[in-house]
Each structure stands twice: as C-alpha cells, then as structure tokens.
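The numbers in this note's numbering rise by one with no breaks, and the one at position 161 of the sequence shown is 1609.
We treat Cβ as the ideally placed atom computed from N, Cα and C, and that holds for glycine.
Notes follow the structure.
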Amino acid sequence: AMSRGESQGGLPPDRCVEKEDAILKDAERLIHTYHDASRHSMGRIVLAPCSPFSVTPELMRDAAALARQHPGVNLHSHLAEELFEDKYCHEIYGMRPVEFAESVGWLGDEVWFAHSIFMMSGEIDRFAETGTGVAHCPSANMRCGQGIAKIREMLDKGVKVGLGVDGSASNDMSNMFMEARFALMLQRVAPHHYLSEKPGGRGGFGGTPTALSAREALEMATRGGAALLGRGDIGHLAPGMSADFIAVRRDQLGLSGTERDPLAALVLCGPFRVDYSYINGREIIGKGAFRSFDVEEALADHRAVMNRIYNQ
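So, in structure tokens, the structure goes:
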C-alpha cells in the first residue's frame, strides 16, 4: 500500500496513492475473508505498507497493530533499499531507516523487509535480537544498481534471510535458481579487502571465494523463506510437512558431469526450467508443462493488458 504522494513529501505520484482509512478498512476485510492460519493453509494475508517514503508513520503503526490482532498475519515492507532512503529518513524523521522501523513498531519475529542493503553492523545485530527477517533480492539490486546486502554478516549473526525476486519492474526473469546463483556470486565478489589503494583508487578490491556456499544459497531459497513467513510446515521435506518439491532432469547437457555434487549444480549451472513441481502435494508442472493452467490464454491476456497500458 502507498498513501504518501509527492504533494505530501513522499516518492509515489499522487495518482498512485490511497487514503489510509480505506487501506486499513480493506486490509481488515481481506483478513476476515481470506486469512487462514491453519497448518498447510494456502491462503494467508500479509500487511505490506510499501516503504518509509511511501506511507506515513501512522499507517505503519496502525498496520502493525492490526496484524498483531490476528494470529499468522505478518508484516512486510521495503527498507534500507537505496541511499536516497537514508537521506529521506534523516531529513523527515531525524533517524536512519532501521531506527524509523523500530520507532513505529516494525521490528519483530513476524516482520521481514525486502533488500536491507544499507545497514550498519549494529542494525544487523538489532534484527537478530528481534527476530526480524530479510528477503534478499540480488537480481533486482544489481539491475537497479542499488548495492550489495551484507548477507554473510546477517547469516553469521543469526538473522533470518530468504530469497526474493522483487517485482517484474526490477527483475525480468523471476527465476529462483538465478536468484540463488546471484546471491552466491554477489557475496563472493563483495568488497572484502582493497588491493594497494583505498576505496576509490585504481587498485581494485578482492572478494572472498568462500563467502557463501551453494547449500547456503539453496537454504535461503527454501528454509529461509519459510522462516520469514513464520511457517513451520514448509521449507523442507519431512513427515508432516507440506509436500512442496521440484524435480529437474539430470540428463540434460547443462548438467553433464555434475553427478558428484548435484546440489551445487542446481545453483551454479542454471537457471533451469523445472520438469516437475508439486505444491502442497498437488502437481502443478508435469513433464515441463503446466497441468491446470492455460499458458497461451494467459499470454494473450497479458499482451492485451500491456497494450492497454501503453496506449493510455
């Protein structure tokens, strides 16, 4: 949700924002109509004011209060995504983005933020202490030139970290295999020590080839995502868990010679198209094709919507 337009000192155009009482009223309607907190539920509601520069502190506080009245309703927003945001929070609120989030009740086990790039070590400590999570979106962060999140430090300190694709405006593939690969690569190339000159010189910088493993990247995509959502019934396979799994053919050219470490191959040799996908025990993709989804019809609808938007 966005409620603070340009005329009120926010970033979104005024035509894109809504009134806050309408946002909260509709959020409550959605919770009562669709939210199901039971185990293996396929319908849960998350309240998601967009960012510190898109809504008011009052909406953040009210959304947090509403979510905490209903078990299983979590909170999500974007935070510390851009340098502009840090400057904005200092000028408008007199504090850094993480400080602002805490001031409006937005740190806690039921909260996770997308991006969280520009965070100091003490702020990462605070996330760990409060159980606040991070959705790492490496493709979007690279595409938009935003920066590299301190994922290694977060994991070492016990912060919950999952993988996300952000949105189609900043990620053109939305492929989780690619996100896992880029997460690994970015942490390995993140500046660790500078060679011969200080930052800004021409000596370059050195990364850390062991900064993130393939297994850790896949864990963020599976167990990490489940932890962000507060779900104890998804994220890994075991008796009593939801049957969510995929299968990829190993006899394809790109996986030749990977028999000794197929797990690393999934991260390093892709991205792949899956051959089978099951969600909560239901086959969604079989033999590489959707089982109950008309792709051609969806593409035609998408093209029609795209043309309508461009012609406005």
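Backbone secondary structure at residue 1598 - three-state DSSP: coil
Identity of the residue in 1604, 1602, 1609, 1477 nearest residue 1676 by Cα: 1609
Residue 1731 in three-state terms, based on DSSP: strand
Residue 1679 versus residue 1618: straight-line alpha-carbon distance, rounded: 27 Å
Simplified DSSP state of residue 1655, which is helix, strand or coil: coil
Nonlocal neighbours in the same chain, by C-beta distance under 7 Å from residue 1639, ignoring five residues either side: 1653
Sufficient close CB pairs (3 or more, under 8 Å) joining the stretch 1572 to 1586 to the stretch 1622 to 1641: yes
Residue nearest to residue 1661 in terms of C-alpha spacing, selected from 1696, 1712, 1688, 1705: 1712
Local conformation of residue 1694 per DSSP, three classes: strand
Three-state secondary structure (DSSP) of residue 1613: coil
Neighbour-count burial assignment, residue 1704, 16 or more Cβ in a 10 Å radius: exposed
Minimum length 4: unbroken alpha helix (DSSP H) runs contained in the stretch 1491 to 1528: 1505 to 1515
Neighbour-count burial assignment, residue 1684, 16 or more Cβ in a 10 Å radius: exposed
For residue 1467, the three-state DSSP class (helix, strand or coil): coil
Beta carbon of residue 1564 nearer than 8 Å to that of residue 1552: no
Residue interval of the beta strand (DSSP E) (run including residue 1722): First-last for residue 1722: undefined, no H or E at that position.
Alpha helix (DSSP H) segment containing residue 1546, residue limits: 1545 to 1551
Status (buried if at least 16 other CB within 10 Å, exposed otherwise) for residue 1522: buried
Environment of residue 1686 [buried if 16+ CB atoms lie within 10 Å]: exposed
Residues of its chain near residue 1594, where Cβ-Cβ distance is below 8 Å and the 5 sequence neighbours each way are ignored: 1529, 1530, 1563, 1565, 1588
Sufficient close CB pairs (3 or more, under 8 Å) joining the stretch 1531 to 1541 to the stretch 1481 to 1488: no
Proximity below 8 Å, CB of residue 1695 to CB of residue 1723: yes
For residue 1561, three-class secondary structure by DSSP: strand
Residue 1454 beta carbon less than 8 Å from that of residue 1461: yes
Sequence-distant residues of its chain with Cβ nearer than 8 Å to residue 1715 (five each side left out): 1625, 1628, 1629, 1632, 1662, 1665, 1666
Which of helix, strand or coil DSSP assigns to residue 1715: helix
Proximity below 8 Å, CB of residue 1718 to CB of residue 1691: no
Contact under 8 Å by Cβ, residue 1668 with residue 1681: no
Assigned exposure category for residue 1710 - 16 Cβ within 10 Å defines buried: exposed
For residue 1583, three-class secondary structure by DSSP: strand
Collapsed DSSP secondary structure at residue 1737 in the structure displayed: strand
CA-to-CA distance, residue 1601 to residue 1623, given in whole angstroms: 25 Å
Buried versus exposed, by CB contacts within 10 Å (16 or more), residue 1526: buried
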